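Asks: Below is a structure I'd like to ask you about.
Numbering (my numbering), first residue to last: 394 to 924.
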């Protein structure tokens, strides 16, 4: 599964070669019905579906934009390994870190998106949507529940504070692993004594400084350009998906923070030979913007500059977009003006929760689609563990019933004891013996229910632990934090109109699809079909 091409998906994608723009152009009722049936979501594997937070009429969208890194261009883990290797080498050479850090072997399974770094205490945290901590590590040591409560129960975690940093991009995931490793190494030098808060902060700041430099000086991307197939996932369905959208009358644009030479190399690798109808990758897009500096793009006013034949910016600001031309910089105001499309007629597709999604939602009325590559394998695993999830639901229902019955039996026992003590002098010997027997039976029932509840809780705890570890041994599922949505999941729900695992999933739906969300229900409404 994963990035392998699925037979059912191939069948759906084969329709993109002869795109039909609107039902009126078909002129065949049977063919219309066939199209409608083939584009039903239930015919699309769950891991390839588009999921909806807010209703989105694709028929109302005129302009669709795409980020490049981790959106149109997904990356292999080789990118993480390369970036962290370069970071460790520069920490040694430029900042005097011990050479033994070069012996560390990167573990891509250690961290996930949605973690928070506590720069004061040297911890990694996973939180639910209410900012309650569901899992935590100090370095690579798991922090147990009692210690977590001691450290964090008395204050609400505010991600805007300088103390915390949010791991919201796939590029940042290796940083969390390296931070944990450096905390361990630094404390080992101090005989396992906790470090001063400023030391933990300096470790994290050093990592961020070096990684920013690795990206800013293009040294990382220079290595990647020399062997793109090693680092970039080439999705054979990408070209047909873009073609299908264009054939339906949608205008497309590329907007990436990467600069001209690297963008040219990546997009050429992905699309130049994808379809015979397109001689060059630029033909897929009506507008191409590199070096956009998101999220500043949505807040600042910068001019667009045309790139010359050497892919370097020319001096004269641009006053109108032209097809096939690559631009750099710009701002949202200038973009909408020159594109001739504004607000909710634009759909932007990206992977970066803050740079692509959150900032665009706060600064504009653009509709948003988030790409979450991790959810593809996660949904496959959910399907594989379906029976365990069903068993957990049964145990939770049983636990709720046991709780209620136990409370009733405990209340009955207390009432019987109080009644027998208050009326002790009024009972006959037979009545007194009958009450004693009834109280004995009630106590026996309470003890039996308590044992059953403990077994149920133990089974639920073991099953939850097993399920979590099957997704990630340290952090569990991406979108969940125990029974709650994770902070990452909550933010995807809040800020992305739709979300899916890869761009080409959009090609499995009609370009005029009405993506509808389920009706929201509050807890008191659940179970009522009428509401």
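Glycine residues also receive a C-beta, built at the ideal position from the N, C-alpha and C atoms. Here the structure is a predicted model, which means the values were calculated and not measured.
Hey, how far is the Cα of residue 416 from the Cα of residue 637?
Replies: As a first step, residue 416 must be located in the chain shown, where it is residue number 23. As a first step, residue 637 must be located in the chain shown, where it is residue number 244. Bear in mind that a pLDDT of 42 at residue 416, under 50, signals an unreliable position, so the number given afterwards is only what the model happens to contain. C-alpha separation (whole angstroms): 15 Å.
Asks: Which ranges would you report for the beta strand (DSSP E) in the stretch 641–710 if only whole runs of at least 3 residues count?
Replies: Entirely contained in the stretch 641–710, the beta strand (DSSP E) runs reaching 3 residues are, in chain order, 644–648, 680–683, 697–700, 706–710.
Asks: Among 872, 615, 631, 774, which one has its Cα closest to the Cα of residue 438?
Replies: Taking the chain shown and counting its residues from 1, the one referred to as residue 438 is at position 45. Of 872, 615, 631, 774, the residue nearest in Cα terms is 774.
Asks: Go ahead and pull the three-state DSSP assignment for residue 760.
Replies: Your numbering for residue 760 matches position 367 in the chain shown. If DSSP states are grouped into helix, strand and coil, residue 760 belongs with the strands.
Asks: Which one of 653, 673, 681, 625 has the shortest CA to CA distance from residue 645?
Replies: Position 252 of the chain shown, counted from the start, is the residue given in the question as residue 645. If we check each option's Cα against that of residue 645, 681 comes out closest.
Asks: Tell me, please, which residues DSSP counts as bridged to residue 736.
Replies: Counted from its first residue, the chain shown places residue 736 at position 343. Note: residue 736 sits in no beta bridge, so no partner.
Asks: I think residue 617 touches residue 472, with their Cβ atoms under 8 Å apart; what is that distance to the nearest whole Å?
Replies: Walking along the chain shown from the start, residue 617 turns up at place 224. Walking along the chain shown from the start, residue 472 turns up at place 79. Indeed, because the Cβ distance is near 7 Å, the residues count as touching under 8 Å.
Asks: If we count Cβ pairs, one from each stretch, closer than 8 Å, do we get three or more for the stretch 840–858 versus the stretch 780–799?
Replies: These segments touch.
Asks: Pairing CB atoms from the stretch 706–723 with CB atoms from the stretch 681–697, are three or more of them under 8 Å?
Replies: Flag = yes, the stretch 706–723 and the stretch 681–697 touch.
Asks: What separation, rounded to the nearest whole angstrom, lies between the Cα atoms of residue 756 and residue 451?
Replies: Counted from its first residue, the chain shown places residue 756 at position 363. Counted from its first residue, the chain shown places residue 451 at position 58. Spanning the two alpha carbons is a distance of roughly 21 Å.
Asks: May I ask you to report which of helix, strand or coil DSSP gives residue 606?
Replies: Within the chain shown, residue 606 is the residue found at index 213, counting from 1. Three-state result, residue 606: helix.
Asks: Can you name the start and end residues of the alpha helix (DSSP H) that residue 499 belongs to?
Replies: Residue 499 sits at position 106 when you count from the first residue of the chain shown. Neither: residue 499 is in no alpha helix (DSSP H) and is coded neither H nor E.
Asks: Using C-beta distances below 7 Å, list every residue in its chain close to residue 805, excluding the 5 sequence neighbours before and after it, in chain order.
Replies: Mapped onto the chain shown, residue 805 falls at position 412. Only 835 meet the Cβ criterion.
Asks: Measuring alpha carbon to alpha carbon, tell me which residue in 874, 872, 532 is nearest residue 578.
Replies: Walking along the chain shown from the start, residue 578 turns up at place 185. It is 532 whose Cα lies nearest to the Cα of residue 578.
Asks: Rounded to whole angstroms, what is the Cα-Cα separation between residue 716 and residue 663?
Replies: The residue you call residue 716 lines up with position 323 of the chain shown. The residue you call residue 663 lines up with position 270 of the chain shown. Those two C-alpha atoms are separated by around 19 Å.
Asks: Tell me where the alpha helix (DSSP H) around residue 480 begins and ends.
Replies: Taking the first residue of the chain shown as position 1, residue 480 is located at position 87. Run containing residue 480: 470–488, per the alpha helix (DSSP H) assignment.
Asks: Could you check the C-alpha separation between residue 628 and residue 462 for me, to the nearest Å?
Replies: As a first step, residue 628 is located in the chain shown; it is residue number 235 there, counting from the start. As a first step, residue 462 is located in the chain shown; it is residue number 69 there, counting from the start. Approximately 14 Å, taken between the alpha carbons.
Asks: Using three-state DSSP, classify residue 597 as helix, strand or coil.
Replies: As a working mapping, residue 597 is identified with position 204 in the chain shown. Three-state DSSP puts residue 597 in a helix.
Asks: May I have the straight-line CA-CA distance separating residue 536 from residue 870, to the nearest angstrom?
Replies: In the chain shown, residue 536 corresponds to position 143, counting from 1. In the chain shown, residue 870 corresponds to position 477, counting from 1. Near 18 Å, if we compare the C-alpha coordinates of residue 870 and residue 536.
Asks: Quick one, which of 612, 468, 903 has its alpha-carbon nearest residue 633's?
Replies: Numbered from its first residue, the chain shown carries residue 633 at position 240. Nearest option by C-alpha distance: 903.
Asks: Per DSSP, residue 520 forms a beta bridge with which residues?
Replies: Counted from its first residue, the chain shown places residue 520 at position 127. Its beta-bridge partners are 526.
Asks: Would you kindly check if the distance between the Cβ of residue 747 and the Cβ of residue 761 is under 7 Å?
Replies: For this step, residue 761 is matched to residue 368 along the chain shown. For this step, residue 747 is matched to residue 354 along the chain shown. No, they are not a contact pair.
Asks: Using 10 angstroms around the beta-carbon of residue 693, count the other beta-carbons present and answer buried if the total reaches 16, otherwise exposed.
Replies: Here the question's residue 693 lines up with position 300 in the chain shown. Residue 693 should be labelled exposed.
Asks: Would you check if the stretch 639–653 and the stretch 667–681 touch, i.e. whether three or more CB-CB distances between them fall below 8 Å?
Replies: Touching, yes, given that three or more Cβ pairs across the two stretches are closer than 8 Å.
Asks: Where does residue 443 fall in DSSP's three states?
Replies: Position 50 of the chain shown, counted from the first residue, corresponds to residue 443. The answer is coil: DSSP assigns residue 443 none of H, G, I, E or B.
Asks: Only counting the same chain, and skipping five residues up and downstream in sequence, which positions put a Cβ closer than 8 Å to that of residue 487?
Replies: Within the chain shown, the letter at position 94 stands for residue 487. The answer, listed in chain order, is 603.
Asks: Take the Cβ of residue 911 as the centre, count every other Cβ of all protein chains shown within 10 Å, and call the residue buried at 16 or more, exposed below.
Replies: In the chain shown, counting from the first residue as 1, residue 911 sits at position 518. Answer is exposed; the Cβ neighbour count stays below 16.
Asks: Given a cut-off of 7 Å, decide if residue 446 and residue 732 are closer than it, judged by their beta-carbon atoms.
Replies: In the chain shown, counting from the first residue as 1, residue 732 sits at position 339. In the chain shown, counting from the first residue as 1, residue 446 sits at position 53. For residue 732 and residue 446, no; Cβs fall outside 7 Å.
Asks: Quick one: give me the first and last residue of the beta strand (DSSP E) that residue 458 is part of.
Replies: Residue mapping note: residue 458 aligns to position 65 of the chain shown, counting from 1. 456–459 is the span of the beta strand (DSSP E), which, as asked, contains residue 458.
Asks: Are there three or more Cβ pairs, one per stretch, closer than 8 Å when the stretch 665–674 is compared with the stretch 691–710?
Replies: Verdict: no, contact absent.
Asks: Give me the Cα-Cα distance between residue 448 and residue 891, rounded to the nearest whole angstrom.
Replies: If you number the chain shown from 1, residue 448 lands on position 55. If you number the chain shown from 1, residue 891 lands on position 498. The straight-line gap from Cα to Cα measures roughly 8 Å.
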